[in-house]
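Chemist: For what it's worth, my numbering labels the leading residue of the sequence shown as 806, then goes sequentially.
Questions regarding the structure given below will be posed in turn.
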Amino acid sequence: MNNKRVLTIQDISCVGQCSLTVALPIISACGLETVILPSAVLSNHTGGFKSWTFRDLTDDMPGIEQKWIEEGIQFDAIYTGYLGSARQIDIVKHIFETCSKPGCAHIVDPAMADNGKLYYGFDIDFVREMTKLCAAADYILPNVTEGSLITGMEYRETYDEAYVKELAEKLAALGPHTVILTGISYEPSTTGVVVYENGKMAYYQHHRLPKGSHGTGDVYASSFTGALVRGFSAYDAARIAADYTVKCIENTADDPDHWYGVKFEAVLPELIKSLG
Ligand code: PXL
């Protein structure tokens, strides 16, 4: 019997197939009890819509945490994504301390930037706080943009293995025992993920689909979390999540109107199958 319970902390973008609207169904489909703590509520995500509403929930979080402490509610894994404010990060770190079962996996996707740019609304103060959260994590899942912001290394659009190794080493030196670098591409037709653990770097390469899709970082981190908590090694969880994310992109590619996210729902059975 599987009694594992995962907490995920990220925003609710009501429309846009990202953050909690993908994390909750994906982790649940992995057969895990999924508890949510919304960091903010937006009408839609900030990546391509004309405008959005934004309600920061930072002030609600300590009260919610307090109720969980009073109830003795604790988690086998805590996975964080897009956070609503720099101030929120100290609260999330506190939740790591108060709501973790022994051996709890702390998984941080420092969702704040892509393609060389910070997402709308984030600044260098937020990067500094997110760096502290990465230092408190066991597993981090940055892309190259986020990795370069966190380490202070130069952002490069094209790079070689030596650059990626230095990035992974610098990220691991902050504290996490496992660094998963996403979207690592050494040539145009392929991309992949680097798993850096105990000083060793492994690469899982896969087909690169021509169209970059929104929300795929969240699909990736959610399915990685699900597979990891189901007992797979970090490398196998990284591979399962990569294969699932590619299937989500393939399942969306023929629908030009669906630019804002990926159709992850119809291919959930394939993720479930890959968990055995
Ligand atoms: O997928 C990352 C993400 C999550 N949440 C919000 C976003 C984005 C990326 O733009 O805007 C609100």
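The C-beta atom is built at its ideal place from N, Cα and C for all residues, glycine as well.
Using beta-carbon positions only, say whether Gly887 and Ala916 come within less than 7 Å of one another.
Modeler: Here residue 887 is Tyr; the residue named in the question, Gly, does not match the sequence. Yes, Cβ-Cβ distance for Tyr887 and Ala916 is below 7 Å.
Chemist: Can you tell me where the alpha helix (DSSP H) with Cys819 in it begins and where it stops?
Modeler: Premise fails: Cys819 lies in the beta strand (DSSP E), Arg810 to Val820, not in any alpha helix (DSSP H).
Chemist: For Tyr968, does the three-state DSSP call read helix, strand or coil?
Modeler: Helix at Tyr968.
Chemist: Just the Cα atoms here: how many angstroms apart are Phe1029 and Ala1039?
Modeler: Spanning the two alpha carbons is a distance of roughly 8 Å.
Chemist: DSSP state of Glu962, grouped into three classes?
Modeler: Coil, per DSSP.
Chemist: Measure the CB-CB distance between Thr996 and Gly988 and report whether it falls below 7 Å.
Modeler: Yes, they are a contact pair.
Chemist: So which residues put a beta carbon under 6 Å from any heavy atom of the ligand PXL, going in chain order?
Modeler: Those residues are Asp816, Ser818, Cys823, Ser824, Leu847, His850, Thr851, Gly852, Tyr887, Ala916, Tyr924, Gly1020, Gly1022 and Asp1023, given in chain order.
Chemist: Measure the C-alpha to C-alpha separation of Ala1058 and Leu1014 and round it to an integer number of angstroms.
Modeler: Rounded to the nearest angstrom, the two C-alpha atoms are 9 Å apart.
Chemist: Count the other CB atoms, across all protein chains shown, that sit within 10 Å of the CB of Ser856; report buried if there are 16 or more and exposed otherwise.
Modeler: By the neighbour-count rule (16 or more Cβ atoms within 10 Å), Ser856 is not buried but exposed.
Chemist: Should the segment 897-905 be regarded as contacting the segment 865-883, the criterion being three or more beta carbon pairs within less than 8 Å?
Modeler: As far as the Cβ criterion goes, the segment 897-905 touches the segment 865-883, which means the pair count is three or higher.
Chemist: Hey, could you find the ends of the alpha helix (DSSP H) Lys898 is sitting in?
Modeler: Its alpha helix (DSSP H) spans residues Gln893 to Thr903.
Chemist: Output the boundary residues of the alpha helix (DSSP H) element that contains Gly1027.
Modeler: Rather than Gly, the amino acid found at residue 1027 in this sequence is Ser. Counting along the chain, the alpha helix (DSSP H) containing Ser1027 begins and ends at Thr1021 to Val1034.
Chemist: Whose CA, out of Ile912, Ile1045 and Ala941, lies closest to the CA of Val811?
Modeler: That would be Ile912, whose Cα lies nearest to the Cα of Val811.
Chemist: Looking at Asp861 and Ser890, is the spacing between their C-beta atoms short of 7 Å?
Modeler: Taking 7 Å as the Cβ cut-off, Ser890 and Asp861 qualify as a contacting pair.
Chemist: Between Lys970, Thr1050, Phe927 and Leu976, which lies nearest to Leu957 when the distance is taken from Cα to Cα?
Modeler: What sits at residue 957 in the sequence shown is Gly, not Leu. Out of Lys970, Thr1050, Phe927 and Leu976, Leu976 has the C-alpha closest to the C-alpha of Gly957.
Chemist: Assuming Cys835 contacts Ala1032 (C-beta within less than 8 Å), just tell me the rounded distance between them.
Modeler: That pair is a contact at about 7 Å.
Chemist: With a threshold of 16 other CB atoms inside 10 Å of the CB of Pro867, please say whether the residue is buried or exposed.
Modeler: Per the 10 Å Cβ criterion, exposed.
Chemist: In this structure, does DSSP put Leu1076 in helix, strand or coil?
Modeler: The answer is helix: DSSP assigns Leu1076 an H, G or I state.
Chemist: Restricting to Cα atoms, I'd like to know which of Phe859, Gln879 and Tyr1049 is closest to Ala910.
Modeler: Minimum Cα distance to Ala910 is reached at Gln879.
Chemist: Would Gly921 be called buried (16 or more neighbouring beta carbons within 10 Å of its own) or exposed?
Modeler: Counting Cβ neighbours within 10 Å, Gly921 comes out exposed, since fewer than 16 surround it.
Chemist: Can you tell me whether Arg1044 is buried or exposed? The criterion is at least 16 other CB atoms within 10 Å of its CB, across all chains shown.
Modeler: Buried is the call here.
Chemist: Between which two residues does the beta strand (DSSP E) containing Gly868 stretch?
Modeler: Here Gly868 belongs to no beta strand (DSSP E); instead the alpha helix (DSSP H) covers Met866 to Glu876.
Chemist: In chain order, which continuous runs of the beta strand (DSSP E) of length 3 or greater are located wholly inside the segment 970-994?
Modeler: You should have 983-986.
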